[in-house]
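J.: Have a look at this one.
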Amino acid sequence: MSGGKIYKFVQTLQQRLQQQCKSGEKGIIFGFNSENNSCYCIGCINNHEEQNSIIEDIPPGNTLLGAYFLGSFDEDSIVDFCSELSKDKKSGKLLVYQFSENDEKEKILQFDIKSKKLTEYQIEIVDYQQALEPLIRIDLIVNFPLNLSFEDSAVTTNLPSIIEQSKSWIFQLDKSSFQLNNREEISQNKIENLYNEIEQFDELQDLQIPGNMKKKMIEKYQRQLRNQKSSVQFKLLGNSGDEKSNNQPDKLENNQNYNFDFEMKFAYLLPMQNNLQQLYKIFVNSSNKMLKSLEKYFSNKLEYPMKMPKVLNFFEPSNYTHIITTVYRDLDSPESYKQQRKLLHLKFRVPMSRPTFKLANSLEWQQDSLSLSSGKRLTNVHVGLKSDIKNGQCFLVQGKYSYYHYNQDNFNDSGWGCAYRSLQTIISWFQWQGYIDDHKVPTHKQIQQALIDVGDKPVEFLGSSRWIGSQEVCYVLNHLYGIESKIIFINSSNELLDKARDLIKHFSINGTPIMIGGGVLAHTIIGVDFNQSTGDVRFLVLDPHYLGDEDLNNIHKKGGCAWKPITFWDKNSFYNLCLPQIPDDF
48 MSGGKIYKFV QTLQQRLQQQ CKSGEKGIIF GFNSENNSCY CIGCINNHEE
98 QNSIIEDIPP GNTLLGAYFL GSFDEDSIVD FCSELSKDKK SGKLLVYQFS
148 ENDEKEKILQ FDIKSKKLTE YQIEIVDYQQ ALEPLIRIDL IVNFPLNLSF
198 EDSAVTTNLP SIIEQSKSWI FQLDKSSFQL NNREEISQNK IENLYNEIEQ
248 FDELQDLQIP GNMKKKMIEK YQRQLRNQKS SVQFKLLGNS GDEKSNNQPD
298 KLENNQNYNF DFEMKFAYLL PMQNNLQQLY KIFVNSSNKM LKSLEKYFSN
348 KLEYPMKMPK VLNFFEPSNY THIITTVYRD LDSPESYKQQ RKLLHLKFRV
398 PMSRPTFKLA NSLEWQQDSL SLSSGKRLTN VHVGLKSDIK NGQCFLVQGK
448 YSYYHYNQDN FNDSGWGCAY RSLQTIISWF QWQGYIDDHK VPTHKQIQQA
498 LIDVGDKPVE FLGSSRWIGS QEVCYVLNHL YGIESKIIFI NSSNELLDKA
548 RDLIKHFSIN GTPIMIGGGV LAHTIIGVDF NQSTGDVRFL VLDPHYLGDE
598 DLNNIHKKGG CAWKPITFWD KNSFYNLCLP QIPDDF
């Protein structure tokens with residue numbers, strides 16, 4: 048192996064190949080080349096289609112690095128598949144990853160393209176965070192005027208013309224005068240040098256200072272961006288229509304003409320050492336591929352009304368360490384929507400144990416939505432807080448949530464709205480994880496209406512300032528979203544110690560926030576730290592009674608989120624705990 052490639056295999060990819068082992072399955076492994084002759088293997092694609100097709104599905108910026116084989120494959124079958132994959136190459140190497148579920152053993156080989164020989168090899172298993180180190184996030188927004196004409200069974204579009212134009216598109220770097228095109232003189236500049244082209248900073252916008260001082264400050268901010276590996280954004284230069292064309296319809300009807308700007312957003316993770324000519328080709332090729340996909344959709348789909356397709360990006364680094372960009376069609380059909388998600392799970396071998404490719408999981412949705420009313424709500428405010436338990440086992444909420452508390456959105460619910468806020472936090476968790484596609488968290492009034500609808504409250508409850516408890520939280524979750532919950536009753540807060548293992552099991556399996564209510568107080572439990580030897584326990588509590596601005600330091604200082612002992616709750620009151628269960632959904 049001396050002098051050969053160093054294959055760094057992401058641990059989560061190894062786990063997905065082993066945990067979902069289907070005998071007789073094969074596919075490709077992709078990733079990127081880094082410095083020092085290293086190759087990071089970050090993803091795989093199932094060979095459910097022709098080889099040419101799966102190679103084309105490799106996310107932009109990545110390349111074919113090898114193949115995987117699950118179950119029993121003889122050497123001839125492996126050689127044949129690798130030869131087919133590399134038929135356009137005269138020399139080079141491919142990594143071969145084998146795993147057999149029967150003996151739970153993995154075997155690593157290297158395929159020599161020229162000699163067609165297999166030799167034993169080694170890989171280095173690395174954490175996904177290490178694989179992300181050489182990469183930076185680059186976003187691209189493409190707006191173009193789309194013309195569609197529907198007449199009975201005929202569809203006319205300007206997409207062929209747009210596809211031809213895309214070959215010479217020019218892209219503008221955000222907050223910069225720099226333009227990316229196909230000129231050869233920029234070909235050797237590296238992606239990391241883009242930071243030196245960014246010149247517009249909000250901090251300097253209205254600052255009246257000498258030119259040489261401003262230049263030094265710009266260079267300082269550029270270094271900061273580089274050190275932080277901040278994402279950069281490009282936009283297609285000057286190809287959008289006029290203001291009248293910006294109203295994109297939700298659905299398309301027969302015997303109608305449409306002219307509007309269609310937006311495609313792309314996200315990429317690319318090595319900083321790549322040159323700008325490679326970046327330009329990635330922009331053009333991925334845009335071109337998506338345009339052709341849209342052209343195919345409009346030419347084949349002739350059922351009206353037609354739902355506008357959406358271009359979406361997905362990225363969950365702790366699960367799959369690469370961005371997946373796709374176009375969803377027929378979103379008004381639940382079955383079609385589900386089938387498209389299923390195909391992505393199967394293609395990239397992502398477990399179907401929970402939502403991963405729903406609209407709510409997309410990067411666009413998570414950036415542009417869940418801003419809700421204020422747009423300033425904080426998420427995961429518990430990060431960084433440490434329990435004082437020694438040698439305890441810590442079990443936390445899994446995923447992201449938004450923190451809801453008293454008096455947000457200029458609505459005064461101080462003294463009665465704590466359970467409503469806890470419920471809103473829980474609902475936001477299901478939204479962030481993709482179990483709920485609806486962007487909006489219900490208001491107090493909508494929660495009250497749901498309780499009236501299920502027959503739990505009288506009509507006069509609507510618009511009141513009356514408290515609700517854990518049981519009502521369960522009713523609302525079930526009525527509005529079909530989410531089931533488990534209820535735990537305790538006669539005193541002292542009994543929480545006996546229930547610590549139940550809460551640990553809940554966070555391990557479901558990972559959802561827990562609402563606890565008693566007396567006229569409600570809180571949200573998002574973690575447990577438990578020392579089984581001593582019986583010491585602490586609960587990580589989100590306090591909906593917090594009054595203050597959306598400042599993390601202030602929230603921690605005032606106890607809006609903190610580790611609490613059992614004595615935090617009244618030992619003379621009984622409590623109900625609502626433990627929302629995750630649906631069987633992907």
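Its first residue numbered 48, the sequence shown is counted upward by one per residue in the working numbering. We treat Cβ as the ideally placed atom computed from N, Cα and C, and that holds for glycine. Since the structure is predicted, the reported quantities are computational estimates derived from the model, not experimental observations.
1) Using the Cβ count rule (16 or more neighbours within 10 Å means buried), how would you classify F536?
2) Are the CB atoms of R424 and Y453 within a distance shorter than 8 Å?
3) Keeping to the same chain, check which residues put their C-beta closer than 7 Å to that of S461; ignore five residues upstream and five downstream.
4) Using the three-state DSSP reduction, which class does V575 fall into: helix, strand or coil?
5) Pull up the distance between the alpha-carbon of I53 and that of G78, whole angstroms please.
6) So, is S475 buried or exposed, given that buried needs 16 or more other C-beta atoms within 10 angstroms?
7) Pick helix, strand or coil for R63, following the three-state DSSP scheme.
8) Would the stretch 529-547 and the stretch 502-513 be scored as touching if the rule is three or more Cβ pairs under 8 Å?
9) Which residue wins for smallest C-alpha separation from L272, given the options N80, Q247, Q387, L341?
10) Using the C-alpha atoms, what's the distance from N321 back to L111?
11) For the stretch 258-292, list the beta strand (DSSP E) runs that are entirely contained and at least 3 residues long, ordered along the chain.
12) What do you get for V397, buried or exposed, if any count of 16 or more other CB atoms within 10 angstroms of its CB means buried?
13) Find out if the Cβ-Cβ distance for the pair L141, F116 is shorter than 8 Å.
14) What's the gap between the Cα of Y344 and the Cα of D576?
15) Whole beta strand (DSSP E) runs in the stretch 335-377 with 3 or more residues, listed along the chain?
16) Roughly how far, in whole angstroms, is the beta-carbon of N302 from the beta-carbon of F197, given that I think they are within contact range, below 8 Å?
17) Which parts of the stretch 392-455 are runs of the beta strand (DSSP E), unbroken and 3 residues or longer, counting only runs that do not cross its ends?
18) Within the continuous alpha helix (DSSP H) that includes N600, where are the two ends?
19) Using 10 angstroms around the beta-carbon of S421, count the other beta-carbons present and answer buried if the total reaches 16, otherwise exposed.
20) What does DSSP give as the partner residues of M562 in its beta bridges?
21) Where does W610 fall in DSSP's three states?
22) Given that a residue counts as buried once 16 or more other Cβ atoms are within 10 Å of its Cβ, and exposed if not, what is Y351?
23) Can you find the residues in the same chain that come closer than 6 Å, C-beta to C-beta, to K291, ignoring five residues on each side of it along the sequence?
24) What residue range is occupied by the uninterrupted alpha helix (DSSP H) comprising N500?
25) Look at the Cβ atom of H392, then the Cβ atom of L316, and state whether they are nearer than 8 Å.
26) Give me the residue from F458, F225, Q176 with the minimum Cα distance to L284.
27) Please name the residue, chosen from G139, I102, E148, that lies closest to F120 on a Cα-to-Cα basis.
28) Does the separation of the CB atoms of V428 and C608 fall below 8 Å?
29) With 16 as the cutoff for other CB atoms within 10 Å, does E151 come out buried or exposed?
30) Output the boundary residues of the alpha helix (DSSP H) element that contains F128.
31) Is the beta carbon of L206 less than 8 Å from the beta carbon of F330?
32) Look at the alpha carbon of F621 and the alpha carbon of G565, and state the distance between them as a whole number of angstroms.
33) Helix, strand or coil for Y87 per DSSP?
34) So, are the CB atoms of Q219 and I245 less than 8 Å apart?
35) In three-state terms, what does DSSP make of V331?
36) From this set, G90, S409, G51, which residue's C-alpha is nearest E167's C-alpha?
T.: Taking the structure as given:
1) Within the sequence shown, numbered from 1, the residue matching residue 536 stands at position 489. Classification of F536: exposed, given that the 10 Å Cβ count is below 16.
2) The sequence position of residue 453 within the sequence shown is 406, counting from 1. The sequence position of residue 424 within the sequence shown is 377, counting from 1. No, the Cβ-Cβ distance between Y453 and R424 is not below 8 Å.
3) Within the sequence shown, residue 461 is the residue found at index 414, counting from 1. Closer than 7 Å at the Cβ level, and outside the excluded window around S461, lie Y453, N454, L594.
4) Against the sequence shown, residue 575 aligns to sequence position 528. Strand, per DSSP.
5) Here residue 53 refers to the residue found at position 6 when the sequence shown is read from its first residue. Here residue 78 refers to the residue found at position 31 when the sequence shown is read from its first residue. Approximately 13 Å between the Cα atoms of the pair.
6) Taking the sequence shown and counting its residues from 1, one reaches residue 475 at position 428. Result: buried.
7) What you label residue 63 is simply residue 16 of the sequence shown in a count that begins at 1. In the structure shown, R63 sits in a helix (DSSP, three-state: H, G or I).
8) no
9) As a position in the sequence shown, residue 272 is number 225, starting the count at 1. Among N80, Q247, Q387, L341, the Cα nearest to that of L272 is on Q247.
10) Along the sequence shown, read from residue 1 onward, the residue named residue 111 stands at position 64. Along the sequence shown, read from residue 1 onward, the residue named residue 321 stands at position 274. Roughly 17 Å separates the two Cα atoms.
11) 279-283
12) As a working note, residue 397 is residue 350 in the sequence shown. V397 is buried by the Cβ-count criterion.
13) Position 94 of the sequence shown, counting from 1, holds the residue named residue 141. Position 69 of the sequence shown, counting from 1, holds the residue named residue 116. Contact flag unset, no.
14) The count along the sequence shown starts at 1 and reaches residue 344 at position 297. The count along the sequence shown starts at 1 and reaches residue 576 at position 529. Roughly 52 Å separates the two Cα atoms.
15) 357-363, 367-375
16) As a first step, residue 302 is located in the sequence shown; it is residue number 255 there, counting from the start. As a first step, residue 197 is located in the sequence shown; it is residue number 150 there, counting from the start. That belief holds up - the Cβ atoms of N302 and F197 are roughly 6 Å apart, short of 8 Å.
17) 440-443
18) Walking along the sequence shown from the start, residue 600 turns up at place 553. Start and end: 599-604.
19) Translated into positions along the sequence shown, residue 421 becomes position 374. Legend: pLDDT at S421 = 40, less than 50; position of this residue unreliable, value from coordinates given subsequently. That one is exposed.
20) Within the sequence shown, the letter at position 515 stands for residue 562. In the DSSP output, where bridge partners are listed per residue, M562 has T571, C625.
21) The residue labelled residue 610 in the question sits at position 563 within the sequence shown. In this structure, W610 counts as strand in the three-state DSSP scheme.
22) Residue 351 sits at position 304 when you count from the first residue of the sequence shown. The residue is exposed, with fewer than 16 neighbouring Cβ atoms inside 10 Å.
23) Taking the sequence shown and counting its residues from 1, the one referred to as residue 291 is at position 244. Note that K291 scores 48 on pLDDT, short of 50, meaning its location in the model is unreliable; the coordinates nonetheless yield the value given after this. Answer for K291: no residue qualifies.
24) For this step, residue 500 is matched to residue 453 along the sequence shown. Here residue 500 turns out to be Asp, not Asn, going by the sequence shown. Start and end: 491-500.
25) The count along the sequence shown starts at 1 and reaches residue 392 at position 345. The count along the sequence shown starts at 1 and reaches residue 316 at position 269. Against a cut-off of 8 Å, the Cβ pair of L316 and H392 comes out as no contact.
26) Sequence index remark: in the sequence shown, residue 284 carries index 237 (1-based). With distances taken between Cα atoms, L284 lies closest to F225.
27) Position 73 of the sequence shown, counted from the first residue, corresponds to residue 120. With distances taken between Cα atoms, F120 lies closest to E148.
28) In the sequence shown, the residue the question calls residue 428 occupies position 381. In the sequence shown, the residue the question calls residue 608 occupies position 561. Yes, they are a contact pair.
29) Taking the first residue of the sequence shown as position 1, residue 151 is located at position 104. Looking at its Cβ environment, which holds fewer than 16 other Cβ atoms inside 10 Å, E151 is exposed.
30) Position 81 of the sequence shown, counted from the start, is the residue given in the question as residue 128. Its alpha helix (DSSP H) spans residues 122-132.
31) Here residue 206 refers to the residue found at position 159 when the sequence shown is read from its first residue. Here residue 330 refers to the residue found at position 283 when the sequence shown is read from its first residue. No, they are not a contact pair.
32) Within the sequence shown, residue 621 is the residue found at index 574, counting from 1. Within the sequence shown, residue 565 is the residue found at index 518, counting from 1. Their backbone Cα atoms lie some 6 Å apart in a straight line.
33) Position 40 of the sequence shown, counted from the start, is the residue given in the question as residue 87. Note: Y87 maps to strand in three-state DSSP.
34) Along the sequence shown, read from residue 1 onward, the residue named residue 219 stands at position 172. Along the sequence shown, read from residue 1 onward, the residue named residue 245 stands at position 198. For Q219 and I245, no; Cβs fall outside 8 Å.
35) Counting from 1 along the sequence shown, the entry for residue 331 is found at position 284. Residue state, collapsed to three classes: helix.
36) Residue 167 sits at position 120 when you count from the first residue of the sequence shown. When only C-alpha atoms are compared, the closest one is G51.
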